[in-house]
Amino acid sequence: MSVGHVARLMEASGIPTVVVAVAAFEQPLKKMVLPRVLLTPYLLGRPLGLVGDAQGQRAVLRAALDLLESAARPAMVHYRRP
Amino acid sequence: MSEIPEHKETFESFKNSFFYGSRSDMSFKFLAHLSDDQASDFFQGLLSKLVDAYDSGDTAPVYEHIRQSQILSYAQEARAVYDTGPFTPMDTPLSQSRLMLLTSSGHFVDGDDPNPLGVENMTQTQAEQQIMSFLKESPPLSAIPVDTPTDRLVVRHGGYDVRGARRDPNVSLPLQRLRELSVDGVFGVLSDPVYSFVGACSQVRLLKKDGPDWVQRFKAQKVNAALLVPA
Chain A
1 MSVGHVARLM EASGIPTVVV AVAAFEQPLK KMVLPRVLLT PYLLGRPLGL VGDAQGQRAV
61 LRAALDLLES AARPAMVHYR RP
Chain B
1001 MSEIPEHKET FESFKNSFFY GSRSDMSFKF LAHLSDDQAS DFFQGLLSKL VDAYDSGDTA
1061 PVYEHIRQSQ ILSYAQEARA VYDTGPFTPM DTPLSQSRLM LLTSSGHFVD GDDPNPLGVE
1121 NMTQTQAEQQ IMSFLKESPP LSAIPVDTPT DRLVVRHGGY DVRGARRDPN VSLPLQRLRE
1181 LSVDGVFGVL SDPVYSFVGA CSQVRLLKKD GPDWVQRFKA QKVNAALLVP A
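Top line first, the protein sequences correspond to chains A and B. According to the numbering used here, the first sequence holds residues 1 to 82 in order. According to the numbering used here, the second sequence holds residues 1001 to 1231 in order.
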């Protein structure tokens, strides 16, 4: 959970973060108490979505950036494919 | 006349062989973290769903079955447990923010190989074979210029199946997608460069040395927010 450690360090130094991860990582990331996490319904190694699916990948990123801007408190959200 | 003892593989050693063993497969190494009963259920379900998919033409349940087993295998993981965590609110509108990207996908630009463990031109297979050495070392941080063409991105990581990331780097390093969203005005500007490292590394060194050093570097770039992607 290397990215979780970096997220905590960045937040502690004043940089807001959002993590995009596959849902398989839900429990390990929850235990790291991260500020904003978007969990996606894809296989390991493909957190942004399917190979070649530019539209789907952009939708995931838009959801992550929306979470980044809108979360007023720590939030872990499951991304639902449109 | 003595007989050579016949080697009989147990089900446990079979499922564990996908975890850096004789059948090493980064997409199915999770089997080693399942109990024998759970792994048995996985294989039985997989075979059943394959036949269903042949008849129906719908392969989605096969992939969902694999995904649910990946979720099950990671559910008991607890390498780092905290009671509380820091939270920094956004103080700049996203549309005016300098956004940075950091992934643990193991990408780098062709010609700028970080040569992990001092090995030049390390292959993916070698990275998997040396995973225990990676876990003892600091992770080199690869800087990737924002205008890097997709076909110049290379990925190598001994901890996960990089086949998807090879076919389309955007599945774990969404550089091209972020360039597009930047043009659309979804956020202010993408901080240059973006970064990637191999997440399979010494967690102690990352926490105590590398991570804090990186954060100072990011702050010097005056980033307003960060998108982080574990592969």
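Note that the Cβ used here is the ideal one computed from N, Cα and C, for glycine as well. Source: prediction; values computed, not measured.
- Counting only Cβ-Cβ distances below 9 Å, Q1203 of chain B has contacts in chain A at M1, S2 and H5, in chain order.
- With respect to chain A, the C-beta atom of A1143 of chain B has no partner C-beta closer than 8 Å.
- Around the beta carbon of L38 of chain A, a 10 Å sphere encloses 16 or more other beta carbons of the protein chains shown; the residue is thus reported as buried.
- Straight through space, the alpha carbons of S1048 of chain B and L1228 of chain B are spaced by roughly 37 Å.
- At least one CB atom of chain A sits nearer than 8 Å to the CB of A1080 of chain B.
- Within chain A, the residues whose beta carbon sits less than 9 Å from that of Q1070 of chain B are V22, A23, A24, L43 and L44, listed in sequence order.
- Runs of the alpha helix (DSSP H) lying entirely within the stretch 1048-1121 of chain B and spanning at least 4 residues, in chain order: 1060-1074.
- Per DSSP, reduced to three states, the secondary structure at I1144 of chain B is strand.
- Judged by DSSP secondary structure, S1182 of chain B falls within the alpha helix (DSSP H) whose first and last residues are L1175 to V1183.
- Within chain A, the C-beta atoms nearer than 7 Å to that of E1180 of chain B come from R58, in chain order.
- Residues of the same chain with a CB within less than 6 Å of the CB of T1148 of chain B, apart from the 5 flanking positions on each side, are V1109 in chain order.
- Judged by DSSP secondary structure, A21 of chain A falls within the beta strand (DSSP E) whose first and last residues are T17 to V22.
- Contact between L34 of chain A and A7 of chain A holds, with the beta-carbon distance rounding to 5 Å and staying under 8 Å.
- For the stretch 1105-1120 of chain B, there are no residues whose beta carbon sits under 7 Å from a beta carbon of chain A.
- Per the C-alpha coordinates, the member of B:D1151, B:L1153, B:L1173 and B:A1200 positioned closest to S1133 of chain B is B:A1200.
- The beta carbons of L1135 of chain B and S1202 of chain B sit about 6 Å from each other, so the pair counts as a contact at 8 Å.
- The Cβ-Cβ distance between V1215 of chain B and M10 of chain A falls below 8 Å.
- If you draw a straight line from the Cα of S1013 of chain B to the Cα of V1051 of chain B, it is about 27 Å long.
- T40 of chain A is bridged by DSSP to A:V22.
- Contact between the stretch 1166-1174 of chain B and the stretch 1060-1080 of chain B is absent: fewer than three C-beta pairs spanning the two stretches fall below 8 Å.
- In this structure, the beta-carbon distance from A24 of chain A to Q1070 of chain B falls below 8 Å.
- L1181 of chain B sits away from V1194 of chain B, with the two beta carbons spaced by 8 Å or more.
- Chain-order list of chain A residues neighbouring A1127 of chain B: empty, with the shortest C-beta distance near 14 Å, by a criterion of under 8 Å.
- Beyond the five residues adjoining it in sequence on each side, L1094 of chain B comes within less than 8 Å, by CB distance, of V1186, F1187, G1188 and A1225 in the same chain, given in chain order.
- Residue pairing by DSSP places M76 of chain A opposite A:V37 in a beta bridge.
- Per DSSP, reduced to three states, the secondary structure at L67 of chain A is helical.
- Each residue's CA atom was taken as its position, placing S1027 of chain B and Y1160 of chain B some 7 Å apart.
- Taking each of A:Y42, A:K30 and A:E26 in turn and checking the Cα distance to G1085 of chain B, the smallest one comes out for A:K30.
- The CB of R62 of chain A comes closer than 8 Å to the CB of L1181 and V1186 in chain B, given here in chain order.
- Rounded to the nearest whole angstrom, the CA to CA distance from L1178 of chain B to A12 of chain A is 25 Å.
- Out of A:G52, A:G56 and A:M1, the CA that lies nearest to the CA of P82 of chain A is found in A:G56.
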